[in-house]
Each structure stands twice: as structure tokens, then as C-alpha cells.
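A.B. asks: Numbering (my numbering), first residue to last: 148 to 1069.
Quick one: this structure, given as C-alpha cells, is what I'll be asking you about.
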RNA sequence: ACGGAUGUGGCGGAAUUGGUAGACGCGCUAGACUUAGGAUCUAGUUCUGCAAAGAGUAAGGGUUCGAGUCCCUUCAUCCGUACCA
């Protein structure tokens, strides 16, 4: 058996690839391109565990394979380097986040290199680098200086909007806007500068508004959602309030329809497509205006079931609805304010817990049914949300279960309007049936009724058909230090964009990373920086984490360009990303924002594609295999996992480094947990066997396996191969270090085909046999097809089978073993590169080309037919492939091994599927 | 509650289009080598059964000459969303 010194080999070739820039892109764009990308990592301080590199190994294999196949491959790796952990660490220690981040990146890169993961040179961009975030700021300016023209469904410079306003006011203007009021050209022209700016802010794609934030008075800071657990801060457990605060928004809602439609163009997992569809949440319906008794205002509601309008028996407003104070009558004022107070006092947690409970209050006011003319009492209730539709509904208790529950609680009438509805049974939400109790809609089915009622509403100017989206505009600011500063200054309240020439606005150093206590970012304390000589003030918010990651895939194409964020020429060649691999946790955040930014840049001519990621694959999570010791309750005795049935035990996670094959090193355990140093262990065969639990790999569960240690012990080629062998890329699967020996054995066996244990080359120049060629070509075919469909877990066994066969055939022939190296190279690059050179080849094996499989060697002359009788396998018959069906049938009927089944019975039918199976029906 | 995914030996998994279920690996069993084995090699290993044979892909039903794969019903697990009118 050859001496496979992986440590020496792996280090050597990692250096070689780096120094020789083996994976540099080819600047002459005459090859077909392949752009492969991993999701932008945030370099956390904890380093990598074995679960992290799974997707990276997959992309590394594809990169190497595509290069061997003659593609010009771009496979970059940079870092999403702004973020909370580094800032929180800075608050605790005073270390500048840039220092921590840089250190973490270095560690990250070392670990990647150790695994043989190598990337296109010069692509290690960082979002926190001014040369990068200069362009993030530049893109923000594009958003700020744009509006969305719905007539041609694209973003345009704000100047075209101003021109329109100058000439026509809001007449004939179709724009994505939060502005409700029409304006004439004359009125526009008479506005002051500040008034104009205020008006335009309702059209800009980056604008300011107020949003509810998690304000923690004790910490004096605003917290991200993930920093809040159960209504208290994760750090310190202080109470968190929800208060409105000025924020920047990006008008992603303008793109809702395009973001939805273009999902059809993508080769993405259905689950992600579905999540994005739900997130965008398109629903068709109508808005209907209800007249109010004793008021001039109209109450506008949104419904997806206008057909049920004759079933309306009351109206419900969201508690925050602006009409609530207007409508509430004197007699009801007390009840309403008590209700509002009750809701405001409730924490987020209580609100979620109480979603099943019915609550609400009567305003004392009435709306008038547009067709019946009857009075409809108006309630407020928190089951109606201000943020969706118009914040008001027409309640149809017979056909909406929430309205039904509410009507029952408040003893309101329930009128069924669809045939076959039993109002004792609950709401009938079925969207089919014939209309009843509905005047001119009677006899129509639901679809017809919707069409008819909308016509009628439009004719009488009572409403119109309307599409709503659940999607909200995206908050684009954080009250934090470690993020991109905005290229914005304020003249009083009016935001003014800085010019592109002033970019980048560099994040200034601060004395303290601690919160200011006012809720503003630590930048607000830098009065010299904030206050400009002309009296203007800088924006002190910073951009959110997803700013830099919404366009990084473009910067990779042109990382050193100082004149433009990414040349169009390069985009034309490289975009879109051919394969994007990452976790499903970014399903609606990053992936939606990146699509949004791409479309926006496309509209302004800064991007050549509308969709950035053609194909997306989510790699599964590698789960931890925890070891559990079971302590009897109220006792200091541990019992084995096999004996816990029926007993009250406290499971304790044991550090997996203290066990071997689930057997616990009791002494080590006692040292690790001195609180158990006097514990008694019930043994089985002299050992304490721990229980096993498959769960998330995490430090707190003491089940983390470190890839560095695995590589140290088995080598990174083995590690890579094992990760791929574990199971399908997309699937969650548990890590079990024990299994790695099979893959390690395989690589040693493979190595020993080339070199003996004295390191002598075993390779001969003999001509291979047909069988040897057959195995080679079969392997080339199987492995390349498997890589193409990302089925790495099935490619690895093919190498194992090949190797076992070569050992059986005692084959050491160059004509077989040289091409197979190229096939193995993407998986075990160091080993393949080493043997490639030992066979006197140069330069790198990755400059070779992938062998083609020759069908001649895969053609068979015979096929061993499985013969079933009535579907049960009874025998196998080796038959030549050139037989006619009749000849096969004859051979089968007369086959001696089948006589005992066939004898004395008539054969009803013979099914012959060429090269598959023969089935006799008796 | 809704939407999505998954369910195959002791374990990870294979079976790409309806055609030999359990490839490959781990583990286990036996044997060999060995001072030793948690190293290596050889053989075996879905279950029941001495065997012949039978059963078998979460459960039940269906289509088919033939179903892990297609259809219907049910169950379990995981993920996502959460009063969206």
C-alpha cells in the first residue's frame, strides 16, 4: 500500500495554485464563460465548522470541472464585512470593528485555503472597504435621484418627473408614489424649494418616512429584530419598546409586479419561488367606497371578494385608521379609547399569543350599504391591519371565518350569499357556488359575480378593481456605526444628495462605539463631522447589512475599476451568474433585494440583465451529532441511554471530544464539568454509553466538529470527498466522523494504483484491455453527468467502484490511470495534481482538458435479462442484444431454469422490454 | 391554519425516463495477520426461516404485465409564513 502523505502534498499544491494563478480568468473573451458564485459570507469570529464548507466544496468542484471542460470560469470570494457582531464586540472591548473584521477574514481565508478552496485572484472584496462602499453609496444616489414611471414600467431620473410636473402637474402621471393629492402644474410651480422637495420625496425611490423600531431605553439603542427575544433585549434582557423613528426606505413596492413575474424565468428551487411569491403577496380584488352616515368622508375598503357585497353586515377599521377619531361618537369615545389603550399596552408577544381571541370595539358610527342602503355598524378591531390594503374591511361573516367569529362574539347578523352555505357551521370560504340574496348578482357564479359587481361599481363610481401586494417598502437605515454612511446632508429637514464627485463618504473614526442614548448612531456624537461649515448636517444613520450584498456579484466582474462600479462590457460577457449556491435562510431577504437592485440598475442602463442569478441551489445543513449523558432526577447518578425508558432523567450535552464512538471518557468528563466530579456512572460492559441526538451544529450543544482537525487527521481531499459523499447537496444530513474512514481508505487505495509503499511508480505503458477501457469510459460518463446535475454523492461511489475494479484487474496502465486523474481532479485536487506530476505531466492538471467518453467501450453485445413471472423475479438469462422479440420469447419459453415455473401452465402474455426486463404472465 | 419539502436496512444513502429495491460507504459478524487493535486484509450482512420459500420502500387503497417512482386518503418529521380582507 502506497504511502499517501497528504499533509505534504496538499500544502505544496495549494501554494502552487496560488503562486501560479492557476485559476486566473482568461481576459480574451473567446471561451464560453461560466460564472459560479457562493453566497457572500459574513466572517464571524467563531470560524468554520464542518457544515459551512459544504456549498463551497460543491462550487469548487464545479469550478475545476468547468475549467477542465474549457470554460472561462469566474469563481470569486469576498466578504460581507459590515455587521452587528463586530460592532457589538467593539462596544464591549473598544476594538475597532475594522480590526476584528480583518482578523476574522484572515482566519476565514486560511481555513478556506486549507480545504483546497481557491478563488479567482483579486476578488476578495470587502463591503467595508471605501473603494467598495463608494459604489454602494453611488447606487443609493441613483435610487434617491429616481422615480418609478408605471406607464413604461421602469425607473427614470427624477428630472423627467420634475419636467412632467412643470408642464402638467400630476395630470396623466402614473407613478409609484405615496402621494395621494393631485397637483396642477401651476400649483407645483408655486411651491417653495422645500415644499417641492417634500413633494418629490413621495416619488423618489429612496425616501424618508417613519417606521416602528425596537427601542431599548436601558441600552439606549435601537435593536435589530434578531436582537430581541420575547420582548426583551437578547443582551441583558432589558425591556424593548416599539416606537416610530425616522428611517430611509427603498421603494421596492414599485417593482412588486416585475419581481413576481420574472420568478418564472428562474431555475430556482420551488420552495424559494413560493416564499418570494408569498412575500410579494399579490391579490386581486376591488376597492369600494362606502358612504358614512353624517360624514362627508368616504370609507374606502379593499376586498378580494366583491361578489359577497350583499353579505356585508358591518365594517371593521384597523385601530390606527385615521378615521377612527373622526367617526367615534361621544357615547362610544370611552369604550374606544379603552380598547386602544389595551392594545397599545400589550407587548408584541402577547399580541401574537392572543391572535385567536376576539376583541374589538364599536365606534358608534355607521356606513351605508352602497346597494341596499342599510346601515352598517363600524367597529375597530386589531384583526384588521393598517399596513395592508386600506386598513379597513367590509365584513362578510358568512364567507370569512374571522368576520364570522367576530360577528358571533358581537351578536351581529350573518347573511349567506352563496347557495349551500350553512351559517350554523361557520364561514363558507369556498370560492365557487351560485350567488343568492344578492339582488342583481343572484344566479351568477363567483367568477361571473366578481366581474359583474366590479363593472357595476365602476359604472356608479363606487369603486374599481384593484391589485394589492403584501410587500412593504424596505427600511434602508440603521442607527449603528459599522455600516456605510449615507451620501446625504440635511438643510433643516430637507435631505440633499451629495454629488458623485464627493464619494466615498468615509466612515469616520469614533471615540466610542457605545450607543449615544438618544437612539441615534454613534456618528451623531461626532459634532465636527456632522456639522458642516455651511450649516448643513450630515445624515448619521448608516445603511443596513443588505446594502453591500445587493450588488456585490457585479463588483466581482470588475473589482479594481475606479471610474465605474462595473463596466457594461464585462457585465455583457459575464452576467448573469450561472450558478448560485447558498443557504435557504436568504430566501426572501438578500435574494429579493439583489433582484430588486439589479432591475433598478437595468432600468437606468447600468446593468445588462434583469435577473442576476439564473440558477440557484440551496445546500442543506450539516447537522451535529450530539452525545447525551442522562442524570437521574434528584440524584447524582448517570444511567446509560438504553435504560432511560420510564425514568425521570435530565439530559446533559456532553462535549463530543470527550467521547469515542459514544463511549464516555468519564474522568475527562468530570474534569470538564467539576460540578459532577462526585457523580456515579452506571456502566454497561465497563463503559458508559451516551445517547445520540441529531440537531443543529452549535457551540452551545457541544457538538461542533472542526474542519481543521479533520484535515489534519485525514487530509482535505478526504474531507472534501466525504462531505460530498454524505448525501445530496440540497438535503440536511447529520455529520458522523466515523464514516470518513471509508473515503480515506478509498483515496489510499487509489494512490496505491500509482505508487507502491516504497514510493516506486507502478505505472506501465501496456495497452489496456477492453474491460479496463470500459471501466474508464463508464466512469468518465457517470462522473461528468453527475457533476452536471450536482449529484456529487453518486459520483464518489463511481470512483470507488472504479478503484476496486482496477485493483481486481491489477491494472496500473497509464492509458487508464492518466485520464482518470483528470476526472478525479475536481474532487481530490491535491492528490490528482500530485499524481499528475508524478506521471511526468506539467504544468497543472487543471490546464489539461477533460477526457471524452467513447461510446464504443460502453456498447454491450449481451444483456442479462431479469425474467419475472407474474412480476416475481425468477431467473436471469444472458441474451445477445441483436435478437428479435420472437427469438427472445422463444429463448425464454425454452429456458431450462424456467421450466419448473412454466410447466403445465399456459403463458398468457410475454412482455419484453429491450435491455430492461422480461415478464411472463401465467 | 396555510404553503413547501421529506419519509427506503442498525446508520448516511443509491435506484436519473414506471422495469433486477437496498449500489457505495459506515457499523456489525466471522476468519486471517498481529505483542496489541479503535491498524490492515478476506468473506458475510433488509427481515422471517435450517432450508425451500415468503414478506418488504411511513400506513391504507387504486391504476398497470410490472409501482420506492404515477393517482387518491391518512400519518409523521422538518422549514417558511402567520389575523393579508
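By construction, the Cβ of each residue, glycine as well, lies at the ideal position given by its N, Cα and C atoms.
1. Would you list the one or two residues that DSSP bridges to residue 296?
2. Output the distance between the C-alpha atoms of residue 580 and residue 439, rounded to the nearest integer angstrom.
3. Cβ atoms of residue 542 and residue 461: under 8 Å apart, would you say?
4. Roughly how many angstroms lie between the CA atoms of residue 148 and residue 982, to the nearest whole one?
5. Counting beta carbon pairs with one atom in the stretch 832–840 and one in the stretch 805–820, are three or more of them shorter than 8 Å?
6. Kindly give me the distance between the Cβ atoms of residue 845 and residue 771, rounded to whole angstroms, as I take these residues to be in contact under 8 Å.
7. Could you tell me the distance, in whole angstroms, from the CA atom of residue 1063 to the CA atom of residue 1023?
8. Mind checking residue 236: buried by the 16 CB within 10 Å criterion, or exposed?
9. Can you give, in chain order, each stretch of the beta strand (DSSP E) that sits fully within the stretch 991–1052 and has at least 3 residues?
10. Put residue 827 into one of helix, strand or coil per three-state DSSP.
11. From 291, 244, 222, 219, pick the residue whose C-alpha is nearest to that of residue 228; which is it?
12. Quick check: the stretch 1037–1055 against the stretch 958–977, are at least 3 beta-carbon pairs closer than 8 Å?
13. Taking the beta carbon of residue 1061 as the centre, do at least 16 other beta carbons fall within 10 Å, making it buried, or is it exposed?
14. Kindly identify the DSSP beta-bridge partner or partners of residue 120.
15. Label residue 1003 either buried or exposed according to how many other C-beta atoms from any shown protein chain fall within 10 Å of its C-beta, with 16 as the threshold for buried.
16. Report the residue from 731, 436, 831, 741 whose alpha carbon sits nearest the alpha carbon of residue 418.
17. By how many angstroms is the C-alpha of residue 1053 removed from the C-alpha of residue 1033?
18. Alpha carbon to alpha carbon, how far is residue 1123 from residue 359?
19. Since residue 566 and residue 583 should fall inside the 8 Å C-beta cutoff, what is the C-beta to C-beta distance between them, to a whole number of angstroms?
20. Quick check: the Cα distance between residue 389 and residue 666, rounded to an integer number of angstroms?
21. Curious, which full-length alpha helix (DSSP H) runs of at least 4 residues does the stretch 179–224 contain?
22. Near residue 570, what residues of its chain come up, given a Cβ to Cβ distance below 7 Å and the 5 sequence neighbours on each side ignored?
23. Roughly how many angstroms separate the alpha carbons of residue 700 and residue 759, rounded to a whole number?
24. If distances are taken between C-alpha atoms only, which option among 857, 874, 349, 669 comes closest to residue 396?
25. Out of 524, 913, 185, 1020, point me to the one whose CA is closest to residue 764's CA.
26. Checking 8 Å against the spacing of the C-beta atoms, do residue 633 and residue 688 come in under that value?
27. Just curious, the alpha helix (DSSP H) that residue 865 is in, first and last residue?
28. Closest to residue 510 by C-alpha separation, out of 491, 472, 529, would be which residue?
29. Does residue 511 come out as helix, strand or coil in the three-state DSSP assignment?
30. Indicate the three-state DSSP secondary structure (helix, strand or coil) for residue 695 in the structure shown.
31. Quick one: grab the DSSP three-state call for residue 618.
32. Pick out whichever of 984, 293, 660, 1067 has its Cα sitting closest to the Cα of residue 1018.
33. At which residues does the beta strand (DSSP E) containing residue 803 begin and terminate?
34. Classify residue 850 as helix, strand or coil using the three-state DSSP reduction.
C.D. replies: So, from the listed chains and residues:
1. According to DSSP, residue 296 bridges with 301, 322.
2. One C-alpha to the other measures close to 31 Å.
3. Yes, Cβ-Cβ distance for residue 461 and residue 542 is below 8 Å.
4. Unreliable placement is indicated for residue 148, whose pLDDT of 40 sits below 50; the coordinate value is still reported in the next sentence. Between residue 148 and residue 982, the C-alpha separation is close to 15 Å.
5. Contact holds: three or more Cβ-Cβ distances are below 8 Å.
6. In this structure residue 845 touches residue 771 by the C-beta definition: roughly 7 Å separates them, less than 8 Å.
7. One C-alpha to the other measures close to 12 Å.
8. The Cβ neighbour count for residue 236, taken over all protein chains shown within 10 Å, is at least 16; the residue is labelled buried.
9. Segments of the beta strand (DSSP E) lying fully in the stretch 991–1052: 1009–1016, 1019–1027.
10. Three-state DSSP puts residue 827 in a strand.
11. Answer by Cα proximity: 244.
12. No, they do not touch.
13. So residue 1061 counts as exposed.
14. The structure shown does not extend to residue 120, since the chain spans only 148 to 1069, so no value can be given for it.
15. By the Cβ neighbour-count rule, residue 1003 is exposed, with fewer than 16 other Cβ atoms within 10 Å of its own.
16. Distance check between residue 418 and each of 731, 436, 831, 741 places 731 closest, using alpha-carbon atoms only.
17. Answer to the nearest angstrom: the Cα atoms are 17 Å apart.
18. Since the first residue of the chain shown is 148 and the last is 1069, residue 1123 is not available in this structure.
19. Their Cβ separation, rounded to whole angstroms, is 5 Å, which keeps residue 566 and residue 583 in contact under 8 Å.
20. Distance between the alpha carbons of residue 389 and residue 666 is about 12 Å.
21. You should have 200–215.
22. Hits under 7 Å: 545, 561, 563.
23. Each residue's alpha carbon lies about 8 Å from the other.
24. Answer by Cα proximity: 349.
25. Scanning 524, 913, 185, 1020 for the CA closest to the CA of residue 764 turns up 185.
26. Against a cut-off of 8 Å, the Cβ pair of residue 688 and residue 633 comes out as a contact.
27. 863–872 is the span of the alpha helix (DSSP H), which, as asked, contains residue 865.
28. Checking every option, the nearest Cα to that of residue 510 belongs to 472.
29. In the structure shown, residue 511 adopts extended strand secondary structure according to DSSP, grouped into three states.
30. Here DSSP, grouped into helix, strand and coil, assigns residue 695 to helix.
31. Three-state result, residue 618: coil.
32. Residue 1067 is the option with its Cα nearest to residue 1018.
33. Residue 803 -> no beta strand (DSSP E), and no H or E assigned at all.
34. In the structure shown, residue 850 adopts coil according to DSSP, grouped into three states.
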